[in-house]
Amino acid sequence: MHTKSLKRILHRRGKVGMKRRRSKVGSFFMFLGIFLLAAFMAFPLYYTVIQSLKPIDEIFRFPPTLYVNRPTMDNYGEMFRILANMWVPLSRYLFNTLMIAVLGTGLHVILAGMAAYPLAKHKFPGKDLIFAIIMLGLMFVPQVTFVPSFIIISKLGLLNTYWAQLLPTIGVSLGLFLMRQFMEQLPDAMMEAAKIDGATEFRVCFQIVFPSVKPAIVTVIIFQFINLWNLSGGDVVYNEELKTLTQAMSQISAANAYARYGPSMAAAVIMMLPPILIFVLLQRQVIETMTSAGIKG
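Residue numbers (this note's numbering): 163 to 459.
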């Protein structure tokens with residue numbers, strides 16, 4: 163009897179050992195796949211940085227190299243010299259970009275939150291249809307809706323103004339979708355208690371619901387700020403004093419593209435830094451929001 167029990171114990175231990183070995187092998191391949199995917203996604207960033215540090219003779223070498231033999235910062239110096247020689251100062255482009263990014267992000271968060279609250283916590287006719295239209299809007303890129311947006315902006319007389327760049331961006335569907343999904347998980351009892359105490363719908367929305375969905379708001383801020391930071395309103399803005407930093411950077415490589423390839427790569431690196439920094443600092447909020455948004459469809 164004792165021998166049979168000992169065999170059972172050894173057999174169980176052998177199975178546990180095999181499972182552990184299998185789990186280690188599975189974990190290794192899982193992390194290997196994640197590493198390869200991360201390297202694939204990071205390669206364009208790495209290549210842009212490498213190209214910005216190459217002298218002119220290495221930039222156009224064929225086949226291209228993935229390293230720098232003689233790294234130099236001349237491309238960055240040339241970029242700033244080109245911007246300094248433009249008749250609109252660099253500070254003006256930077257002001258336009260920051261103003262559009264900050265104002266557009268703030269308006270989008272407020273409008274998306276106010277629209278998401280009734281969709282998540284109220285019942286009214288056509289609610290499901292409205293949400294289905296919002297979901298459908300997630301499938302279209304801005305280029306698809308450019309023509310109707312341009313016609314509307316033109317009819318309103320807003321061409322060549324800041325609003326021509328702001329209006330098409332403050333009503334995008336992604337922020338509304340994320341905030342609605344997050345708000346839907348809030349307990350109804352919390353809002354009902356506030357209404358019993360005499361709180362209005364606006365007070366419930368801004369003082370109770372908004373603070374409770376802070377991760378979703380932060381995520382929307384990140385996505386919207388990145389989109390607006392890289393916004394190029396060249397099709398609706400023609401006045402040089404109203405153009406963004408992205409348009410100014412694109413003008414660096416527009417004329418004499420081969421000679422200005424290095425400075426244009428340096429400009430691309432400069433434009434990438436703020437979105438990457440913001441995402442790195444707030445990535446935990448993004449992961450939490452995406453996880454919560456996928457719980458309920």
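In this text, a Cβ means the ideal position worked out from N, Cα and C, and glycines have one as well. Keep in mind the model is a prediction, meaning the values are calculated, not measured.
Three-state class that DSSP yields for residue i in the structure shown
{"i": "Gln386", "result": "helix"}
{"i": "Asp312", "result": "Going by the sequence as given, residue 312 is Phe instead of Asp. Three-state result, Phe312: helix."}
{"i": "Gln305", "result": "coil"}
{"i": "Thr381", "result": "helix"}
{"i": "Ala361", "result": "coil"}
{"i": "Leu443", "result": "helix"}
{"i": "Val431", "result": "helix"}
{"i": "Tyr229", "result": "coil"}
{"i": "Phe286", "result": "coil"}
{"i": "Gly319", "result": "coil"}
{"i": "Ser374", "result": "helix"}
{"i": "Val398", "result": "coil"}
{"i": "Lys405", "result": "coil"}
{"i": "Phe224", "result": "coil"}
{"i": "Leu393", "result": "coil"}
{"i": "Leu215", "result": "coil"}
{"i": "Lys169", "result": "In this prediction, Lys169 has a pLDDT of 49, which is less than 50 and means its spatial position is unreliable; nothing more can be read from the coordinates."}
Extent of the continuous alpha helix (DSSP H) to which residue i belongs
{"i": "Val271", "result": "Leu252 to Lys283"}
{"i": "Tyr238", "result": "Asp236 to Asn247"}
{"i": "Gln343", "result": "Ser335 to Met345"}
{"i": "Phe293", "result": "Lys289 to Gly299"}
{"i": "Gln327", "result": "Tyr324 to Ile332"}
{"i": "Ala351", "result": "Asp350 to Ile358"}
{"i": "Ile218", "result": "Ile218 to Ile221"}
C-beta contact flag for residue i and residue j at 8 angstroms
{"i": "Asn322", "j": "Leu407", "result": "no"}
{"i": "Leu390", "j": "Thr307", "result": "no"}
{"i": "Met345", "j": "Ala282", "result": "yes"}
{"i": "Met353", "j": "Ile332", "result": "no"}
{"i": "Ile262", "j": "Tyr324", "result": "yes"}
{"i": "Ile212", "j": "Tyr229", "result": "yes"}
{"i": "Ser214", "j": "Gly360", "result": "no"}
{"i": "Ser335", "j": "Gly299", "result": "yes"}
{"i": "Met434", "j": "Leu207", "result": "yes"}
{"i": "His529", "j": "Val382", "result": "Any question about residue 529 goes unanswered here, given that the chain covers just 163 to 459."}
{"i": "Ala356", "j": "Val366", "result": "yes"}
Close beta carbons around residue i, own chain, < 7 angstroms, minus the five adjacent residues each side
{"i": "Arg254", "result": "Glu403"}
{"i": "Leu444", "result": "Val380 and Ile384"}
{"i": "Ser311", "result": "Pro330"}
{"i": "Leu194", "result": "none"}
{"i": "Val399", "result": "Asn322, Ala326, Gln327 and Lys405"}
{"i": "Leu439", "result": "none"}
{"i": "Ile221", "result": "Gln213, Tyr423 and Gly424"}
Neighbourhood of residue i by C-beta, 6 angstroms cutoff - its chain only, sequence neighbours within 5 removed
{"i": "Ala274", "result": "Gly337, Leu338 and Met341"}
{"i": "Met276", "result": "none"}
{"i": "Lys216", "result": "Val230"}
{"i": "Thr259", "result": "Thr406 and Leu407"}
{"i": "Met241", "result": "Pro425, Ala428 and Ala429"}
{"i": "Leu348", "result": "Ser374"}
{"i": "Leu320", "result": "Ala326"}
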